[in-house]
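The structure appears right after this line, and notes come after that.
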Amino acid sequence: MIKKTFQNVINQMDAFLTSPVGVMDSEGFVLATNASENMAEYSDIFLAAVNDSMEIHGCRGYSVCGISKTTKPEYIIYVRGIDDESRRTCMMLAVSLSNIRLFYDDKYDKTTFIKNIISDNTLPLDLHQRARELHMDFDQKRVVFVIKVMQSGDIAALDVITGMFPEHERDFVFSMDENTIVLVKETDDTTTEEELEALAQTMIDNLNSEAMTNVLVGISTTSDNLNVLAAAYKEAQVALEIGRVFENEKYILSYKSLGVGRLIYHLPTRLCQLFLQEVLTKKGLDALDDEIITTIYEFFKNDLNVSETARKLYIHRNTLVYRLDKVLKTIGLDLRKFDDAVVFKVAMMVNQYLVANPMKI
Numbered sequence: 001m002i003k004k005t006f007q008n009v010i011n012q013m014d015a016f017l018t019s020p021v022g023v024m025d026s027e028g029f030v031l032a033t034n035a036s037e038n039m040a041e042y043s044d045i046f047l048a049a050v051n052d053s054m055e056i057h058g059c060r061g062y063s064v065c066g067i068s069k070t071t072k073p074e075y076i077i078y079v080r081g082i083d084d085e086s087r088r089t090c091m092m093l094a095v096s097l098s099n100i101r102l103f104y105d106d107k108y109d110k111t112t113f114i115k116n117i118i119s120d121n122t123l124p125l126d127l128h129q130r131a132r133e134l135h136m137d138f139d140q141k142r143v144v145f146v147i148k149v150m151q152s153g154d155i156a157a158l159d160v161i162t163g164m165f166p167e168h169e170r171d172f173v174f175s176m177d178e179n180t181i182v183l184v185k186e187t188d189d190t191t192t193e194e195e196l197e198a199l200a201q202t203m204i205d206n207l208n209s210e211a212m213t214n215v216l217v218g219i220s221t222t223s224d225n226l227n228v229l230a231a232a233y234k235e236a237q238v239a240l241e242i243g244r245v246f247e248n249e250k251y252i253l254s255y256k257s258l259g260v261g262r263l264i265y266h267l268p269t270r271l272c273q274l275f276l277q278e279v280l281t282k283k284g285l286d287a288l289d290d291e292i293i294t295t296i297y298e299f300f301k302n303d304l305n306v307s308e309t310a311r312k313l314y315i316h317r318n319t320l321v322y323r324l325d326k327v328l329k330t331i332g333l334d335l336r337k338f339d340d341a342v343v344f345k346v347a348m349m350v351n352q353y354l355v356a357n358p359m360k361i
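Under UniProt numbering, the sequence shown has 86 at position 86, and the numbering climbs by one with no breaks.
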């Protein structure tokens, strides 16, 4: 479709053009031209010359420039001649075709359609019709991955993720801002949570090795159709936000695996404050020093087993008992009792939430 659009533009401009011109794709195939020249020998040379900018380059007697939404040129404009008029013609074509391409993407591009859905820029009533126009399966199952890039403005990360998913008719990769990349991945009934997390780990590994970039990945639940795709995107965002508060050592956060953290995240701040006041009848959690907090984490990790915890901490059993007694005297909870341990665990998570005070999505 875009090939025909580019050719129509060049046909309309041909009466004003004094030189052969054309448009190549990133594979070197001529999409549109006003001449019958064989450009096969020039394709690799032009691709190497244009890089990622709109700057005009003189190359083998041609003025060339690239147009693209990423660092790699998607289309190459070429005009025979390297004089000022040829360079102006090349720039004029590049600007015109870039703008036409943006219009084309808005109307016909599936990736743009998916991006508009998760951005709430498409009315629900229009989804069925637009999906039919684009020959997309409305009821196809999909999962949304939100990749949060630690280094601001790292364009290479988008190229790495895009290169991992060449099936652009089924899997969609795009950026939401300079720190956020979104992958909408087609799945089916046999896709497991383990497979999705393994895919997320592969993305992290590739970004670390190829783009030298650290990222976090949030994973949504499976969306059954396009109507709920925006909700799936928000789930992946929430997974990252909750993970930042409660699971800050993890790089992969799945909405399905957030547990109590998801429940706490959706509680009003005032209710969380009242809970802490109710269960911590003496002093607050701030009264516990780092040594005591480390001891408590290890105690919970070992299922409230005093002997095993003492062994892991390389301390005497009586020392551990002394520390647990200190917790009881300080905040009024005996962590050796299951009920008190549960209350304390939830209280710690609620306190983490209040300290982080995340902006709700």
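Positions of the beta carbon are idealized from the N, C-alpha and C atoms, including for glycine.
- CA-CA distance, Ala236 to Asn8, rounds to 42 angstroms.
- Annotated three-state conformation of Leu258 is coil, per DSSP.
- Per DSSP, the beta-bridge partners of Thr180 are Lys148, Asp177.
- Assignment of Ile161 by DSSP, reduced to helix, strand and coil, places it in the helix class.
- In this structure the stretch 198-214 does not lie against the stretch 120-138, because fewer than three pairs of beta carbons, one per stretch, are closer than 8 angstroms.
- Rounded to the nearest whole angstrom, the C-alpha separation of Pro73 and Ala40 is 17 angstroms.
- Assigned with DSSP and collapsed to three states, Ala35 falls in coil, not helix or strand.
- For the set Gly218, Val355, Leu304, the Cα lying nearest the Cα of Ile264 is the one of Val355.
- With at least 16 other beta carbons inside 10 angstroms of its own, Thr222 counts as buried.
- Gly61 places its beta carbon 9 angstroms or farther from that of Leu47.
- Proximity to Leu134 across Glu169, Thr191, Leu207 peaks at Glu169, based on C-alpha coordinates.
- Nearest to Asn34 by alpha-carbon distance, out of Phe172, Tyr78, Arg244, Tyr42, is Tyr78.
- Collapsing the DSSP output to three states places His266 in coil.
- Of Tyr42, Glu241, Leu158, Gln12, the smallest CA-CA separation from Ile204 is found for Leu158.
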